[in-house]
Amino acid sequence: MGLVHQAGVAHEIGDMNRIKAIGFDLFNTLITAEPHALKGALGRLTGSLARAGIDPGYEEFKEAYREAALGFIKRANRTGRETHNRFWISEALGKIGYRIGPYDPRIGRAIDAYFSAFLDFCHPFPWTLEMLGTLRQRWPLGLLSNFTHAPAAFRIIDHLRLRPFFQVVLISGRTGFRKPHPAGFIRLVESLGVEGKEILYVGDDPEADINGALRAGLYPVRCIWGRGGKALLPPGAVSEEVEIEDKNVPEVSTWKELLRLLP
Ligand SMILES: [Mg+2]
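First residue of the sequence shown? That's 116 in this note's numbering, and the numbers climb one at a time after it.
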């Protein structure tokens, strides 16, 4: 049985009987984006800029935006402090000759346009609502998501009718901390009113979700039912080759498998 180390104290993972609450990641765990979501979102972003008289051309902007986003996301992953799209857009425009500050209202409108695409192109998995409905009857549920622009995350969660299942919804864009940083997990633990080791945390990302939950003293379960799903970040921003730090972390490929793990 594996050991989880928290503040110098080791506890064993593997005892499901002590689970008192369940936490979930959002993307590729509860919901998925259509393959063209990112392209659609970028199209809406550049369309909004063009309507504001900023017309850098889609291809040129896309490349500058990808580079800028990658830099900011890598820094956020390193520091644990969440970044925001307004800085990516401002820097991308700067690279191609437009000096527009990150808090300019034209960038604000472009961000709203960008995320409006996710309302149209994101869907729960076919079993998500049934899974949450079933689990909620026995455990309080919490959501902890890495999402830069928190208002959009809340809009998506409401739009897809996920909100009522959760006792707490924590978005990195609001808490300020990006998984795997422990701060988000600690907020989840506090909000659910149990101990870390009493929370099962379900997510798909080996580093952000699984190693993050392990280091924060939660009990992670990796779901692979969203494998192949699009990350809504520019290519290169998400590293897939990270090893899970405890070989005993269960992996589930259907939600019935998750249910069978539980007491
Ligand atoms: Mg995910």
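Beta carbons are placed, not taken as given, at the ideal position from N, Cα and C, and that holds for glycine.
The structure displayed is predicted, hence computed values, not measured ones.
Per-residue burial, residue i [other beta carbons within 10 Å of its own, 16 or more giving buried]
{"i": "E197", "result": "buried"}
{"i": "D235", "result": "exposed"}
{"i": "D170", "result": "exposed"}
{"i": "L208", "result": "buried"}
{"i": "K294", "result": "buried"}
{"i": "K362", "result": "exposed"}
{"i": "T249", "result": "exposed"}
{"i": "R214", "result": "exposed"}
{"i": "P255", "result": "buried"}
{"i": "T263", "result": "buried"}
{"i": "L285", "result": "buried"}
{"i": "K312", "result": "buried"}
{"i": "N261", "result": "buried"}
{"i": "R375", "result": "exposed"}
{"i": "P335", "result": "buried"}
{"i": "R166", "result": "exposed"}
{"i": "G172", "result": "exposed"}
Host beta strand (DSSP E) of residue i (start-end)
{"i": "L275", "result": "Run containing L275: none; DSSP gives neither H nor E here."}
{"i": "Y334", "result": "334 to 338"}
{"i": "I169", "result": "Segment: none, I169 is in no beta strand (DSSP E) and carries neither H nor E."}
{"i": "V317", "result": "314 to 318"}
Cα-Cα separation between residue i and residue j, rounded to whole angstroms
{"i": "A113", "j": "T243", "result": "No answer is possible for residue 113: it lies beyond the span of the chain, which begins at 116 and ends at 378."}
{"i": "D130", "j": "D320", "result": "22 Å"}
{"i": "G341", "j": "T144", "result": "6 Å"}
{"i": "R221", "j": "E175", "result": "19 Å"}
{"i": "A265", "j": "R289", "result": "6 Å"}
{"i": "A323", "j": "K189", "result": "13 Å"}
{"i": "F269", "j": "F139", "result": "15 Å"}
{"i": "H296", "j": "Y316", "result": "14 Å"}
{"i": "I211", "j": "S368", "result": "44 Å"}
{"i": "Q252", "j": "P365", "result": "23 Å"}
{"i": "I226", "j": "G343", "result": "26 Å"}
{"i": "I146", "j": "S163", "result": "26 Å"}
{"i": "A328", "j": "F300", "result": "7 Å"}
{"i": "G332", "j": "R302", "result": "13 Å"}
{"i": "G158", "j": "D219", "result": "20 Å"}
{"i": "G195", "j": "I325", "result": "15 Å"}
{"i": "G291", "j": "I339", "result": "27 Å"}
{"i": "E360", "j": "G318", "result": "15 Å"}
Residue span of the alpha helix (DSSP H) that contains residue i, given as start and end
{"i": "Y173", "result": "173 to 194"}
{"i": "P220", "result": "220 to 236"}
{"i": "P321", "result": "Segment: none, P321 is in no alpha helix (DSSP H) and carries neither H nor E."}
{"i": "V304", "result": "297 to 307"}
{"i": "K135", "result": "First-last for K135: undefined, no H or E at that position."}
{"i": "L377", "result": "That residue, L377, is in no alpha helix (DSSP H); it is neither H nor E in DSSP."}
{"i": "W203", "result": "200 to 210"}
{"i": "R251", "result": "243 to 251"}
Beta-ladder partner(s) of residue i, from DSSP
{"i": "F142", "result": "I146"}
{"i": "S260", "result": "I286"}
{"i": "N348", "result": "Note on residue identity: the sequence assigns Leu, not Asn, to residue 348. Answer is none; L348 lacks a bridge partner."}
{"i": "P217", "result": "Answer is none; P217 lacks a bridge partner."}
{"i": "V367", "result": "C338"}
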